[in-house]
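Q: Just passing along the structure, written as structure tokens.
2 protein chains.
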Amino acid sequence: MVEPKASGRGTGRARKSPAKARRAPANKGTGARRDQEVLEAATKVFHARGYADASVQDIADELGILKGSLYHYIDSKEELLFRLLDESHQEVAAILEEVLAIEGLEPLERLRLYVTRQVEYTSKNLAKMAIYYHDVDQLSEERRKEVLRNRRTHERFVASLIAEAQERGEVPADLDPALTTNYLFGSMIWVYRWYRPGGKLRPQQVAATCADFIMGGLTAPR
Amino acid sequence: MVEPKASGRGTGRARKSPAKARRAPANKGTGARRDQEVLEAATKVFHARGYADASVQDIADELGILKGSLYHYIDSKEELLFRLLDESHQEVAAILEEVLAIEGLEPLERLRLYVTRQVEYTSKNLAKMAIYYHDVDQLSEERRKEVLRNRRTHERFVASLIAEAQERGEVPADLDPALTTNYLFGSMIWVYRWYRPGGKLRPQQVAATCADFIMGGLTAPR
DNA sequence: ACGAAGTTCAAACAAGCGTTTGGTTTTTTA
DNA sequence: TAAAAAACCAAACGCTTGTTTGAACTTCGT
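Residue numbers (the numbering used here), protein chains in the order written: chain A, 7 to 228; chain B, 7 to 228.
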């Protein structure tokens, strides 16, 4: 009503930045090393304070440079988040692809292996996964849609694994694969919210017990 | 390391406000009505943009008043978030208490009923639950600890229900109740991230299928 | 009708934000 | 060793943020 919003953060359109080329150093030799450190610092800071609450200043502090200097590595804070999420998706997708590439595995075996590896990866890369699952909403609409589209594709693969098992009669027929995928992902992803490395629980134990739980939910007769 | 100050005058760091009493109107007659509208507006806005990204201005816009006027109802933005989370916890706790109060129910029946009601509530109060589970971290350490303490108590009750069922041999003996509670909560809570009201899926369907999944994970032999 | 309680306005504030610019220092490469 | 590339500093910018203050309305019980 009052106080006009000059910058279009949030509702409605995402501001179109003038499509200026990335400033990241060309990957010759060790050229991308500092670039990687920036990503790691950002991961740490975003995880600790949440993307929206974390400032560019915080990341600069973590690196020991001035915040202005950061802009030799990033285009904007949001582009930085996007790069993080994109990287995370790459790695998450790789896990699924590996499992799908193994030959001679029954659907349920494949599912168990997928869950196990994914949970183990999550508990070993808490910060990355926490940002990946917690902070998508903070992206501009355009980029958010891209990430969510990738994620949906990913989920469909998992759902079709469930459907395969269903056709073999190993999963109740009245169960909706797509819907069940959500429950599966819930148990799996929620790990980022409660697991604390350095506790008594090792990543492999979490992975195994989580997989047990999920396989039970999948195969139990109604 | 430290950002230089443009015009340096008295670097007063972190001013403490003098713990002034709440300004919410005393509950006489309909006195708390506007107060409730403030909570609802905040719920809507926090859910839409995320707590950190949402501004006091946004909430004021939602109510059609100036942002300064909001401070007759709240002490601070953070206190507002706390009140929301506290209210949510009250309602979530009530669900569990109701289920625990029912007599003559076996542990597993109780668990199923709890999950069902909780998921149904979540899908019917998406904004509230999304904030409750997504934005705890943004509280001050003091208040966050209080919320998390409450939550832990809540979870322990659920874990002990699992333990009871275990003693009856209805749940595998090698399963850790506290650990499994995390998986249970994962499936249950994650609903706030994917469920969209107005779709083909009704809250009761989600509740029932989620409960099925979880009960399966709980009782399936290893 | 009166006074009090409740509600809102109007305006300002200090601080912090993300980002830009142009120059300087350091490192790499040839 | 000199040129080129990369990394960083220093300072500012325009803007938004949460919050305060003091006065003006509006509602309502009596």
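By construction, the Cβ of each residue, glycine as well, lies at the ideal position given by its N, Cα and C atoms.
Are three or more beta carbon pairs between the region 162-182 of chain B and the region 78-91 of chain B nearer than 8 Å?
A: Judged by Cβ distances under 8 Å, the region 162-182 of chain B makes no contact with the region 78-91 of chain B, as fewer than three pairs qualify.
Q: Helix, strand or coil, according to DSSP, for ARG174 (chain A) in the structure here?
A: Taking the first residue of the first sequence as 1, we reach residue 174 (chain A) at position 168. In the structure shown, ARG174 (chain A) sits in coil (DSSP, three-state: anything other than H, G, I, E or B).
Q: Does the beta-carbon of ASP141 (chain B) have 16 or more other beta-carbons within 10 angstroms, so that it is buried, or is it exposed?
A: Counting from 1 along the second sequence, the entry for residue 141 (chain B) is found at position 135. ASP141 (chain B) is buried by the Cβ-count criterion.
Q: By the criterion of Cβ-Cβ separation under 7 Å, what are the contact partners of SER193 (chain A) in chain B?
A: Reading the first sequence from its first residue, position 187 is the one you call residue 193 (chain A). Those within 7 Å of SER193 (chain A) in chain B are TYR189, GLY192 and SER193.
Q: Considering only residues of the region 71-138 of chain A, which uninterrupted alpha helix (DSSP H) runs meet the minimum length of 4 residues and lie entirely inside it, listed in chain order?
A: Listed in chain order, the complete alpha helix (DSSP H) runs (minimum 4 residues) inside the region 71-138 of chain A are 83-107 and 113-130.
Q: Nearest CA to the CA of ASP41 (chain B): which residue from B:LEU69, B:LEU117 and B:VAL51?
A: Walking along the second sequence from the start, residue 41 (chain B) turns up at place 35. Ranking the options by Cα distance to ASP41 (chain B), first place goes to B:LEU69.
Q: Is the CB-CB distance between ALA217 (chain A) and ARG118 (chain A) below 8 Å?
A: As a working note, residue 217 (chain A) is residue 211 in the first sequence. As a working note, residue 118 (chain A) is residue 112 in the first sequence. Yes, they are a contact pair.
Q: Taking 8 Å as the CB-CB limit, is LEU185 (chain A) close to chain B?
A: Taking the first residue of the first sequence as position 1, residue 185 (chain A) is located at position 179. Closer than 8 Å: yes.
Q: Using a Cβ-Cβ cut-off of 8 Å, state whether PHE52 (chain A) counts as contacting chain B.
A: Walking along the first sequence from the start, residue 52 (chain A) turns up at place 46. By this cut-off, PHE52 (chain A) is not an interface position.
Q: Just checking: is the beta-carbon of ASP143 (chain B) within a distance shorter than 8 Å of some beta-carbon in chain A?
A: Residue mapping note: residue 143 (chain B) aligns to position 137 of the second sequence, counting from 1. By this cut-off, ASP143 (chain B) is an interface position.
Q: Measure the C-alpha to C-alpha separation of PRO227 (chain B) and ALA99 (chain B) and round it to an integer number of angstroms.
A: Here the question's residue 227 (chain B) lines up with position 221 in the second sequence. Here the question's residue 99 (chain B) lines up with position 93 in the second sequence. Roughly 30 Å between the two C-alpha positions.
Q: Quick one: is ASP64 (chain B) buried, meaning 16 or more other Cβ sit within 10 Å of its Cβ, or exposed?
A: If you number the second sequence from 1, residue 64 (chain B) lands on position 58. With 16 or more Cβ atoms within 10 Å of its Cβ, ASP64 (chain B) is classed as buried.
Q: For PRO227 (chain A), name the three-state secondary structure that DSSP assigns.
A: Along the first sequence, one-based indexing puts residue 227 (chain A) at 221. Coil, per DSSP.
Q: Along the chain, where does the alpha helix (DSSP H) containing TRP200 (chain B) start, and where does it finish?
A: To locate residue 200 (chain B), count along the second sequence from 1; it is residue 194. Looking at the DSSP string, the run of the alpha helix (DSSP H) that includes TRP200 (chain B) is 197-200.
Q: For ARG55 (chain B), which option in A:SER146, A:TYR198 and A:VAL164 has the closest C-alpha, if you only look at C-alpha atoms?
A: The count along the second sequence starts at 1 and reaches residue 55 (chain B) at position 49. With distances taken between Cα atoms, ARG55 (chain B) lies closest to A:SER146.
Q: Strictly under 8 Å for the Cβ-Cβ distance: is GLY175 (chain A) near chain B by that measure?
A: On the first sequence, residue 175 (chain A) is found 169 positions in, with the first residue counted as 1. For GLY175 (chain A), the answer is no, since every Cβ of chain B falls outside 8 Å of its Cβ.
Q: Could you name the residues of the region 80-99 of chain A whose beta carbon sits closer than 8 Å to any beta carbon of chain B, in the order they occur along the chain?
A: If the cut-off is 8 Å between Cβ atoms, the region 80-99 of chain A has nothing near chain B.
Q: Can the beta-carbon of SER129 (chain A) be found less than 8 Å from the beta-carbon of VAL197 (chain A)?
A: For the purposes of this step, residue 129 (chain A) is taken as the residue at position 123 of the first sequence. For the purposes of this step, residue 197 (chain A) is taken as the residue at position 191 of the first sequence. Contact flag set, yes.
Q: Taking the beta carbon of LEU72 (chain B) as the centre, do at least 16 other beta carbons fall within 10 Å, making it buried, or is it exposed?
A: Within the second sequence, numbered from 1, the residue matching residue 72 (chain B) stands at position 66. Classification for LEU72 (chain B): exposed.
Q: Spell out whether any CB of chain A is found under 8 Å from the CB atom of ALA58 (chain B).
A: Counting from one through the second sequence, the residue named residue 58 (chain B) turns up at place 52. ALA58 (chain B) counts as touching chain A.
Q: In angstroms, rounded to a whole number, what distance separates the CA positions of MET135 (chain B) and GLU109 (chain A)?
A: For the purposes of this step, residue 135 (chain B) is identified with residue 129 of the second sequence, where counting begins at 1. For the purposes of this step, residue 109 (chain A) is identified with residue 103 of the first sequence, where counting begins at 1. If you take the alpha carbons of MET135 (chain B) and GLU109 (chain A), they lie about 42 Å apart.
Q: List, in order along the chain, the chain A residues whose C-beta lies closer than 9 Å to that of ARG157 (chain B)?
A: Along the second sequence, one-based indexing puts residue 157 (chain B) at 151. Within 9 Å Cβ-Cβ: nothing; ARG157 (chain B) doesn't reach chain A, min ~10 Å.
Q: Taking only the alpha-carbon atoms, compute the straight-line gap between GLU112 (chain B) and GLU170 (chain B) and give it to the nearest angstrom.
A: For the purposes of this step, residue 112 (chain B) is taken as the residue at position 106 of the second sequence. For the purposes of this step, residue 170 (chain B) is taken as the residue at position 164 of the second sequence. Answer to the nearest angstrom: the Cα atoms are 9 Å apart.
Q: Quick check: ALA165 (chain B) and THR187 (chain B), are their CB atoms within less than 8 Å of each other?
A: Stepping through the second sequence from its first residue, residue 165 (chain B) is reached at position 159. Stepping through the second sequence from its first residue, residue 187 (chain B) is reached at position 181. Their beta carbons are under 8 Å apart, which means ALA165 (chain B) touches THR187 (chain B) by this criterion.
Q: Going by alpha carbons, who is nearest to TYR57 (chain A) out of A:VAL105, A:GLN144 and A:PHE163?
A: Within the first sequence, residue 57 (chain A) is the residue found at index 51, counting from 1. TYR57 (chain A) has its Cα closest to that of A:GLN144, out of A:VAL105, A:GLN144 and A:PHE163.
Q: Measuring alpha carbon to alpha carbon, tell me which residue in B:PHE219, B:VAL153 and B:ALA66 is nearest SER75 (chain B).
A: Within the second sequence, numbered from 1, the residue matching residue 75 (chain B) stands at position 69. Of the candidates B:PHE219, B:VAL153 and B:ALA66, the one whose C-alpha sits nearest the C-alpha of SER75 (chain B) is B:ALA66.
Q: So, is the C-beta of ARG150 (chain B) closer than 8 Å to a C-beta in chain A?
A: Taking the first residue of the second sequence as 1, we reach residue 150 (chain B) at position 144. No - not a single Cβ of chain A is within 8 Å of the one on ARG150 (chain B).
Q: Are there 16 or more other CB atoms within 10 angstroms of the CB of ARG28 (chain B), so buried, or fewer, so exposed?
A: For the purposes of this step, residue 28 (chain B) is identified with residue 22 of the second sequence, where counting begins at 1. Interpretation of ARG28 (chain B) is limited by its pLDDT of 36, a score under 50 that renders its predicted location unreliable; the figure taken from the coordinates is listed afterwards. So ARG28 (chain B) counts as exposed.
Q: Since GLY223 (chain B) meets chain A, which of its residues come closer than 7 Å, beta carbon to beta carbon?
A: Taking the second sequence and counting its residues from 1, the one referred to as residue 223 (chain B) is at position 217. Correct list: PHE219, ILE220, GLY222 and GLY223.
Q: Give the interface partners of ARG228 (chain B) over in chain A, defined as CB-CB distance under 7 Å, in chain order.
A: As a working mapping, residue 228 (chain B) is identified with position 222 in the second sequence. Correct list: ASP218.
Q: Can you list, in chain order, the residues of its chain whose CB lies under 7 Å from that of ALA133 (chain B), leaving out five sequence neighbours each side?
A: Walking along the second sequence from the start, residue 133 (chain B) turns up at place 127. The residues are THR49, LYS50 and HIS53.
Q: Using a Cβ-Cβ cut-off of 6 Å (strictly less than) and excluding sequence neighbours within five positions of PRO183 (chain B), which residues of its own chain qualify?
A: Here residue 183 (chain B) refers to the residue found at position 177 of the second sequence. Once the five neighbours on either side are set aside, the close Cβ partners of PRO183 (chain B) are ALA165, ILE168 and ALA169.
Q: Does any residue of chain B have a CB that is nearer than 8 Å to the CB of THR215 (chain A)?
A: The residue you call residue 215 (chain A) lines up with position 209 of the first sequence. Closer than 8 Å: yes.
Q: Using the Cα positions of LEU102 (chain A) and ARG39 (chain B), report the straight-line distance between them to the nearest angstrom.
A: Residue mapping note: residue 102 (chain A) aligns to position 96 of the first sequence, counting from 1. Residue mapping note: residue 39 (chain B) aligns to position 33 of the second sequence, counting from 1. Their backbone Cα atoms lie some 52 Å apart in a straight line.
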